[in-house]
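All remarks here apply to the structure that follows.
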Amino acid sequence: MIQIEKLRKVYRGRGREVTAVDGVDLTVAEGEVFGVLGRSGAGKSTLLRCVNLLERPDEGRVVVGGRDLLALRGGELRRARQGIGMIHQHFGLLASRTVAGNVAFPLEVMGVPRAERAGRVAELLDLVGLTEHAKAYPARISGGQKQRVGIARALAGRPKVLLSDEATSALDPETTASILELLRDLNRRLGLTILLITHEMEVVKRICDSAAVMREGRFTESGPVPALLARPGSELARGLFPLPPAEPRDGTTLVEVTFTGGATDEPFVSALARKYALDVNILGGAVETVGGERVGRLQLELPGDPAQNAAQLAFLRESGLAVEVRNPGRVDDPAQAGPVQEDAR
Ligand SMILES: Nc1ncnc2c1ncn2[C@@H]1O[C@H](COP(=O)(O)OP(=O)(O)OP(=O)(O)O)[C@@H](O)[C@H]1O
Ligand SMILES: [Mg+2]
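Per the numbering used here, the very first residue in the sequence shown carries number 46; after that it's consecutive.
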């Protein structure tokens, strides 16, 4: 649905150059919710703005719904962009218009006849649960309701794709949850493909099928969320399951295991302890539900150095767990591993 190849965007000015997006490849399948996670300045907004050509990339290809956007001009480009809705952190509502008036605005711009407009506005307000607030002005509604107006407005042109730039960053956790729920619902009911950017792990956890971590204009990892979480060295996994700092004591092996799906029901720690007559020390851990699937991470300390624990580590791997040894100098030390790359589904 969205296909981006080797995208580059450089901002130039006053003898200074900032490469905001530095060769990003991204595929978002139809009906998928894809999240791009990254710190401030990573280039997330620039990337998003290149998808609907609010920003013109310096290099690369942007294909949305099978159309190469950079090859389109005039009316064709306008129509293609109508198929891409966008929502923002600060809503951007017109204060002088009611909720209904704000939703009607893009319809007016698109030239939808007045007679059709009222029906379409009612339909859109119903979709986002704002029918009762149609006549309210933005100053009189909550942040969550404002974002609902933003979403209704973005859907006015019946887009197939919705771009979301930190849509929940200005909202409290409970309101964030309800907006994410709405986006998930629209994704399912309308088959809407959603590309969202965020700096909140919670957003990825709640609604993303796939995700990427962006840093200094590049993706450092990307793929289906459960697969990323199960990958040793994944920044996403570390963010979602913050574990105590890894400082192995002498003569011990410090190991982090990630388990998904069926492996969450297996008592692998006690099985390991019994099989090898080991005193396994659990240092930390958490289990989360991600995309309806249980994913967990545990930090374990085993007596003996990693070489002495080769059979034990193999046992854990054979139990279907992702195993990461945190003793320094190991080949599977994430600091020495390259970027994680998983094919998007
Ligand atoms: N219009 C612009 N002109 C010049 N530099 C820009 C412009 N927009 C963004 N930049 C620079 O490009 C880089 C990426 O910015 P961008 O806004 O895409 O990051 P971001 O990941 O969205 O950050 P945030 O989380 O703070 O919104 C930054 O170094 C920023 O200063
Ligand atoms: Mg931004």
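The C-beta atom is built at its ideal place from N, Cα and C for all residues, glycine as well. Just so you know, these numbers come straight off a predicted model, no measurement behind them.
Point to revise | Short CB-CB distance (under 9 Å) between Gly-202 and chain C | key: The chain labelled as chain C is not found in the depicted structure, where only one protein chain is given.
Exercise for review: Classify Tyr-321 as helix, strand or coil using the three-state DSSP reduction.
Suggested key: In the structure shown, Tyr-321 sits in a helix (DSSP, three-state: H, G or I).
Practice item. Enumerate in chain order the residues of its own chain whose CB-to-CB distance from Arg-362 is below 7 Å, with the five nearest sequence positions on each side excluded. Key: Taken in chain order, the residues that qualify are Val-368.
Review point. Can you tell me the Cα-Cα spacing of Asp-67 and Arg-263, whole angstroms?
Key: Answer to the nearest angstrom: the Cα atoms are 6 Å apart.
**Study point:** Closer than 7 Å: residues whose CB approaches a heavy atom of ligand 2
**Key:** Those satisfying the condition are, in chain order, Lys-89, Ser-90, Asp-210, Glu-211 and Ile-242.
Check your understanding: Are there 16 or more other CB atoms within 10 angstroms of the CB of Gly-337, so buried, or fewer, so exposed?
Key -> Around the beta-carbon of Gly-337, fewer than 16 other beta-carbon atoms lie within 10 Å, marking it exposed.
Check your understanding: Got a sec, what are the start and stop residues for the alpha helix (DSSP H) Thr-143 sits in?
Key -> For Thr-143, there is no enclosing alpha helix (DSSP H), since its DSSP letter is neither H nor E.
Exercise for review: Check whether the region 261-280 touches the region 100-119, counting contact only when three or more Cβ pairs, one atom from each stretch, lie closer than 8 Å.
Suggested key: With a cut-off of 8 Å, the region 100-119 and the region 261-280 do not count as touching, because too few Cβ pairs lie within range.
Check your understanding: In this structure, does DSSP put Met-259 in helix, strand or coil?
Key -> Collapsing the DSSP output to three states places Met-259 in a strand.
Exercise for review: Flag Tyr-56 as yes when its Cβ comes closer than 8 Å to any non-hydrogen atom of ligand 1, and as no otherwise.
Suggested key: Within the cutoff, so yes.
Practice item. Assign Ser-267 to one of two classes, buried (16 or more other C-beta atoms within 10 Å of its C-beta) or exposed (fewer than that). Key: Classification of Ser-267: buried, given that the 10 Å Cβ count is 16 or more.
**Study point:** alpha helix (DSSP H) segment containing Ala-199, residue limits
**Key:** 188-199 is the extent of the alpha helix (DSSP H) around Ala-199.
Exercise for review: Answer yes or no: the CB of Val-63 versus the heavy atoms of ligand 1, is any distance below 8 Å?
Suggested key: Ligand 1 has a heavy atom closer than 8 Å to the beta-carbon of Val-63.
Review point. Do Ile-252 and Pro-204 have their CB atoms nearer than 9 Å?
Key: The Cβ-Cβ distance between Ile-252 and Pro-204 does not fall below 9 Å.
Exercise for review: Return helix, strand or coil for Phe-79, following the three-state DSSP convention.
Suggested key: Residue state, collapsed to three classes: strand.
Review point. Can the beta-carbon of Gly-365 be found closer than 9 Å to that of Glu-292?
Key: No.
Practice item. Measure the alpha-carbon distance for Ser-187 versus Leu-200 and round it to whole angstroms. Key: Computed Cα separation, rounded: 20 Å.
Check your understanding: Does DSSP put Leu-209 in a helix, a strand or coil?
Key -> It should be pointed out that residue 209 corresponds to Ser in this sequence rather than to Leu. Three-state result, Ser-209: strand.
Exercise for review: May I ask you to check if the CB of Gly-86 is nearer than 8 Å to at least one heavy atom of ligand 1?
Suggested key: Yes, the beta carbon of Gly-86 sits closer than 8 Å to at least one heavy atom of ligand 1.
Review point. Going by other Cβ atoms of all chains shown within 10 Å of its Cβ, with 16 needed for buried, is Asn-147 buried or exposed?
Key: Looking at its Cβ environment, which holds 16 or more other Cβ atoms inside 10 Å, Asn-147 is buried.
Practice item. May I have the straight-line CA-CA distance separating Leu-323 from Gln-357, to the nearest angstrom? Key: Roughly 10 Å separates the two Cα atoms.
**Study point:** Under 9 Å between C-beta atoms of Leu-82 and Gly-284
**Key:** Contact check for Leu-82 against Gly-284 passes: the beta carbons are separated by less than 9 Å.
**Study point:** C-alpha gap between Asp-171 and Arg-94, whole angstroms
**Key:** Taken atom to atom, the span from the alpha-carbon of Asp-171 to that of Arg-94 is near 28 Å.
Review point. Is it the case that the CB of His-135 approaches a heavy atom of ligand 1 more closely than 8 Å?
Key: His-135 has its Cβ no nearer than 8 Å to any heavy atom of ligand 1.
Practice item. Quick one: residues in its chain with C-beta nearer than 8 Å to the C-beta of Glu-62, no 5 flanking neighbours on either side, listed in chain order? Key: The residues are Val-55 and Tyr-56.
Point to revise | Reference Thr-243; option with closest CA among Pro-290, Thr-91 and Leu-328 | key: Nearest of Pro-290, Thr-91 and Leu-328 to Thr-243, Cα basis: Thr-91.
Practice item. Let me know if Gln-192 comes out buried or exposed under the rule of 16 or more other beta-carbons within 10 Å of its beta-carbon. Key: In summary, Gln-192 is buried, with 16 or more beta-carbon neighbours lying within 10 Å of its beta-carbon over all protein chains present.
Review point. For Leu-343 versus Val-370, is the C-beta spacing smaller than 9 Å?
Key: Contact: no.
Review point. How would you write the range of the beta strand (DSSP E) that Asn-232 sits in, first residue to last?
Key: It is not in any beta strand (DSSP E) - Asn-232 instead sits in the alpha helix (DSSP H) that spans 218-235.
Review point. Taking buried to mean at least 16 other C-beta atoms within 10 Å of its own C-beta, is Met-396 buried or exposed?
Key: The structure shown does not extend to residue 396, since the chain spans only 46 to 390, so no value can be given for it.
Exercise for review: Would you mind reading off the limits of the alpha helix (DSSP H) that contains Glu-363?
Suggested key: Glu-363: member of the alpha helix (DSSP H) spanning 355-363, first to last residue.
Check your understanding: Is Gly-68 near ligand 1, with its Cβ less than 8 Å from a heavy atom?
Key -> Not under cutoff, so the answer is no.
Practice item. Compute the minimum distance between the beta carbon of Leu-92 and the heavy atoms of ligand 1, and state whether it is under 8 Å. Key: Leu-92 Cβ: within cutoff of ligand 1.
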